[in-house]
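With the sequence shown counted from 1, adding 1 to any position gets you my numbering.
Built from N, CA and C at the ideal position, the CB exists for glycine as well.
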Amino acid sequence: MNARSPLAHLRERLRSASEGGGLRGTLAGRLAALVSGVRFGQFVSVGVLGAVVDSLVLAGLVELAGLAPEVAKIGAWEAAVVFIFVANERWTFEGWGSAGRLALARRFLTSNAIRVGGLAVTLAVLWALTGLGVWYLAANVVGIGVGFLVNYVFENLLTWRVGAD
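What follows is the structure, given as structure tokens:
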């Protein structure tokens, strides 16, 4: 009996099928691209740095510019989204996506829309869990995790179209 995890088994099957060359652009090919451990790790790393950017810009806008935290958060969030997009474009998804300015603009706008969706998911989970009596900080961590997964899947599939022709 093989003791590998189901995810490792799926990754192995998809990798061996993709080596045949016929998976690119298929559902199996796109799933194989999603379970890339390297890309997932890069995406996590970029997200952590994005959180640092968010926090630094938030602190600067509140402490130096005198903005209310709720107002400053909008600018801090967008600064982090721009940072994350650039880092993902140049590192995590290097080599994916079409070339040219129009394609780059499309990816940027798609990424922003996906990030808004991820934020909405995060807020919905936070609201639902706190409504059930879960401590707000614990609920926030769960919400961030769910929002992260939404961002990861849709950035792969829609922004950079990983695994597509």
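Test item: CB-CB of residue i and residue j under 8 Å
i	j	result
phenylalanine 84	glycine 51	yes
valine 126	threonine 93	no
alanine 80	valine 54	yes
Cut-off 7 Å between Cβ atoms - residues of its own chain near residue i, not counting five sequence neighbours on either side
i	result
glycine 76	Val58, Leu62
glycine 98	Ala104, Arg108, Trp161, Arg162
leucine 68	Leu62
tryptophan 78	Asp55
Own chain, CB closer than 6 Å to residue i, minus 5 neighbours either side, in chain order
i	result
arginine 116	Val82
glycine 148	Gly119, Val122, Thr123
asparagine 157	Leu35, Val163
Residue burial classification, residue i (beta-carbon count within 10 angstroms, cutoff 16)
i	result
alanine 140	buried
arginine 40	buried
glutamate 64	exposed
glycine 164	buried
alanine 88	buried
Contacts around residue i, its chain only, beta-carbon distance under 8 Å, and the 5 residues preceding and following it disregarded
i	result
glycine 144	Val122, Thr123, Leu124, Ala125, Val126, Leu127, Leu130
phenylalanine 86	Arg108, Phe109, Ser112, Asn113
Chain B contact for residue i (CB, 8 Å cutoff)
i	result
valine 82	Looking for chain B here will not work: only one protein chain is present.
* Examine the Cβ distances between the region 112–129 and the region 152–161 and report whether three or more of them are shorter than 8 Å. => Counting C-beta pairs with one atom in each stretch, the region 112–129 and the region 152–161 have three or more that are closer than 8 Å, which means they touch.
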